[in-house]
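S.K.: One structure, as structure tokens, below. Some questions next.
2 protein chains.
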Amino acid sequence: MDLDVRRLRVLYEVALRGGITAAAAALHVTPSAVSQQLGQLAREAGCELLERSGRGVVLTPAGHVLADHAKRIIGAVEQAQAGLAALRRDVNGTVRVGAFPSAAGALVAPAAARALARYPDLDIRVVEVEDQQSRLDLYSGTLDVIVLQEYDHVPTPLASDLDRHPIARDPMHLITPVGWGSRSGRLGDLRDVRWIASAEGTPCLRSTLHACRLAGFEPDIRHRAIDFALTLDLVDAGLGAALVPGLALRNVPSGVHIEPLADPVTERRIFAVTRSRGTGPRRPAIDAFLAELTATQRSDLEPVAAIR
Amino acid sequence: MDLDVRRLRVLYEVALRGGITAAAAALHVTPSAVSQQLGQLAREAGCELLERSGRGVVLTPAGHVLADHAKRIIGAVEQAQAGLAALRRDVNGTVRVGAFPSAAGALVAPAAARALARYPDLDIRVVEVEDQQSRLDLYSGTLDVIVLQEYDHVPTPLASDLDRHPIARDPMHLITPVGWGSRSGRLGDLRDVRWIASAEGTPCLRSTLHACRLAGFEPDIRHRAIDFALTLDLVDAGLGAALVPGLALRNVPSGVHIEPLADPVTERRIFAVTRSRGTGPRRPAIDAFLAELTATQRSDLEPVAAIR
DNA sequence: AGATCCATGAAGCGATGCTACAAGAAGACT
DNA sequence: AGTCTTCTTGTAGCATCGCTTCATGGATCT
């Protein structure tokens, strides 16, 4: 007669991921188990919650309603745990952090190290994630904190039930082979050279195109690299110029010349996102880690100077 | 790592009933099971939730916090069920109604019969309850609707998370042995006769005393009856007069004379109480029953005329 | 048409939660 | 004081539940 909250969790995950197999993967069980739980839940609810659509399933109206309630219930449970942890006032438990590669290495790792040093009972787990996937994992509780980037001309919309915690501004840098000599950051001087940029559809590529067009030319992109380390290696080999955010400039090859991008300054903003706790405290462990993350010094963002 | 909602239910029940044994009875399990669940919950929570105090247990601060969250979570689950039922728009399931005896017989039973006749899938269960106990059962979900009474000079406080649904006003009647002749409802004429009243501490007794004192005398109470049927039998035997609410006047013995109590009119108000659904619908089944209950005709409240 | 992916069902096994019973602690009664 | 009662907690055993594995049935893509 009563709805089982554990099954509601399963339904919520299915609604989030859009399928039984995906939900099963997120829950670390087999699709069969998910299917059985949903079947039982439908019996408890007294009506069909999802129907087959092609190869997969879609939620019925009742399924959507119930999934929405499930979200609220799961939030209330998490709030209870947070309230309890806040009452104990001790920072422990696990904090799962998802971040894109350059932030993970330059920002999250040091912050995690500081937090772990300060709170011995803390367990921080860093996962490299894709932007889109990370939001699902944040909603489902697989992740507690995600670190996102936002290029200044591409604002990132954020749902109202998520909290935004600014971390840093990360200015773009112009990098060229040392053989080319210094350009003093003038983008316009590089209208006729070969370029290295990120893959189609990435915000980094859009940012590069945006900056070049502002400077009055269309870059001649010859090479594509998603990993900034590869970008640096390509530049080091003299294959072209590139625009790279400062955070990615760690362990720079010796053949790469770096200079800050002169006016107009192009930069990306880096921020953390957590599930919003409408009322009531967040888990102290999460707050402790966020404190370390947002306390990042400006110097951490300019490793260029240290390397040059 | 996660708090189990089923265990939170157990904790909530313990907080409500004030003990493990009482909670176990309400949950229809053995105290041992409750104790084990609480132990497991304490391990999940990471701190003690209750401590022994004398023969029983009391909640620790953490226990109170968690029980409070549990209440919210349970409410959210119930809201989910209500939302689902409202979506199905069909009136079915079980409605458990608690009422004091006279209302149960005169009001609840006919309303339940009408509701059952109109909605074949409905399952209504009427339970005779004590006022105090019924509120706990309402909170814990053992009952969905309780019917309470309120004498006009003794207002009944109601928590903010409960909804009040007025049903009827039930005026008091003056009943005397037929041999005494008609008194035309003047209470002052009966200052020197023997009286029959309810037991110490009952609101009915307070109401009788209040009415007599307003009329300027202290009644000479010789007999005590809680059940109004017994009161009527005692009056029928010529042992005294009594003040009885109209609803109790069913199947009146032939030797009993009934007349409405003249000014000042003393009456009790009868109302139903349900758990408040802050936002979102109530279960259609409960609404359907409430509709029948509040649609009670005035004629139902004056069976006197039909019997006289 | 074959191949692939996804959801669902049946059988079996391990874990979980219950009952029954016993023991210990703290009032209440005589 | 001593005994009784009441309440909670612990242990052993058993039923139920939920998972995995394996197999089946649709639906889409090539």
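Each protein sequence line maps, in turn, to chains A and B.
Quick note: the first sequence, position 89, residue 89 per full-length UniProt numbering, numbers continuous.
Quick note: the second sequence, position 110, residue 110 per full-length UniProt numbering, numbers continuous.
Idealized CB from N, CA, C, for every residue including glycine.
1. Alpha helix (DSSP H) containing Y139 (chain B): first to last residue?
2. Just to make sure I have the definition right: I need the residues of chain B whose C-beta is within less than 9 Å of the C-beta of H69 (chain A). Which are they?
3. Below 8 Å on the Cβ atoms is my guess for D144 (chain A) versus T274 (chain A); work out the distance and round it to an integer in Å.
4. Measuring only the C-alpha atoms, how far is S76 (chain A) from A82 (chain A)?
5. Would A24 (chain B) and A15 (chain B) qualify as a contact pair, given that the criterion is a beta-carbon distance under 8 Å?
6. For T294 (chain A) and A113 (chain A), I'd like the C-alpha separation in whole angstroms.
7. Does DSSP classify A99 (chain A) as helix, strand or coil?
8. Using 8 Å as the threshold, is the C-beta distance between R277 (chain B) and A85 (chain B) below it?
9. Going straight from the alpha carbon of R31 (chain A) to that of L41 (chain A), what length do you get?
10. Determine, using beta carbons only, whether P284 (chain A) comes closer than 8 Å to chain B.
11. According to the Cβ coordinates, are G63 (chain B) and L11 (chain B) closer than 8 Å?
12. Considering only residues of the same chain and omitting the five flanking positions on each side of T208 (chain A), which have a CB-CB separation below 6 Å?
13. Keeping to the same chain, check which residues put their C-beta closer than 7 Å to that of V176 (chain B); ignore five residues upstream and five downstream.
14. Determine whether the Cβ of I73 (chain A) lies closer than 8 Å to any Cβ atom of chain B.
15. Give me, in chain order, the residues of the same chain whose beta-carbon lies closer than 6 Å to that of I307 (chain B); leave out the 5 immediate sequence neighbours on both sides.
16. Along the chain, where does the alpha helix (DSSP H) containing L16 (chain B) start, and where does it finish?
17. Taking a Cβ distance cut-off of 9 Å, strictly less, list which residues of the region 52-63 of chain B are near chain A, in chain order.
18. List, in order along the chain, the chain A residues whose C-beta lies closer than 8 Å to that of C204 (chain B)?
19. In three-state terms, what does DSSP make of F217 (chain B)?
20. Please classify S286 (chain B): does DSSP put it in a helix, a strand, or coil?
21. Taking DSSP as the reference, what is the three-state secondary structure of D144 (chain B)?
22. In angstroms, rounded to a whole number, what distance separates the CA positions of L190 (chain A) and H223 (chain A)?
23. Which residue comes first and which comes last in the beta strand (DSSP E) that contains A257 (chain B)?
24. So V57 (chain A) and V108 (chain A) are in contact, right, with Cβ under 8 Å, and what is the actual spacing, rounded?
25. On the DSSP bridge assignment, give the partners of Y151 (chain B) in chain order.
26. Going by C-alpha distance, which of A:E51, A:W180 and A:V29 is nearest G39 (chain A)?
27. Where does the unbroken beta strand (DSSP E) through P30 (chain A) begin, and where does it stop?
28. Measuring only the C-alpha atoms, how far is V304 (chain B) from G141 (chain B)?
29. Hey, does L214 (chain B) have any beta-carbon neighbour from chain A nearer than 8 Å?
30. Taking the C-alpha atoms as reference points, what is the distance between E13 (chain B) and L122 (chain B)?
31. Once DSSP output is grouped into helix, strand and coil, what is the label at P61 (chain A)?
M.R.: Let's see:
1. D131 to S140
2. A76, V77, Q79, A80, Q81, G83, L84 and G280
3. 7 Å
4. Checking the displayed sequence, the identity of residue 76 (chain A) turns out to be Ala instead of Ser. Between A76 (chain A) and A82 (chain A), the C-alpha separation is close to 10 Å.
5. no
6. 14 Å
7. strand
8. no
9. The identity of residue 31 (chain A) in the sequence shown is Pro, whereas the question assumes Arg. Between P31 (chain A) and L41 (chain A), the C-alpha separation is close to 15 Å.
10. no
11. yes
12. A197 and L243
13. According to the sequence provided, residue 176 (chain B) is Thr. The question's Val does not apply to it. Closer than 7 Å at Cβ, skipping near neighbours: R183, V235, A241 and H257.
14. yes
15. Here I307 (chain B) scores only 40 on pLDDT, less than 50, and its place in the model should not be relied on; the value that follows carries that caveat. Within the same chain, I307 (chain B) has close Cβ partners V252.
16. V5 to R17
17. P61 and A62
18. Neighbours of C204 (chain B) on chain A: none; closest Cβ ~37 Å, over 8 Å.
19. coil
20. Looking at the sequence shown, residue 286 (chain B) is not Ser but Ile. Helix, per DSSP.
21. coil
22. 16 Å
23. In the sequence as presented, Ala is not what sits at residue 257 (chain B); that position holds His. That run of the beta strand (DSSP E) goes V256 to P260.
24. Actually they do not touch by this definition, with Cβ atoms about 36 Å apart.
25. B:R268
26. A:E51
27. Checking the displayed sequence, the identity of residue 30 (chain A) turns out to be Thr instead of Pro. Unbroken run through T30 (chain A): none, as it is neither H nor E.
28. Its pLDDT being 43, under 50, V304 (chain B) is placed unreliably in this model, and the value from its coordinates should be taken loosely. Rounded to the nearest angstrom, the two C-alpha atoms are 36 Å apart.
29. no
30. 27 Å
31. helix
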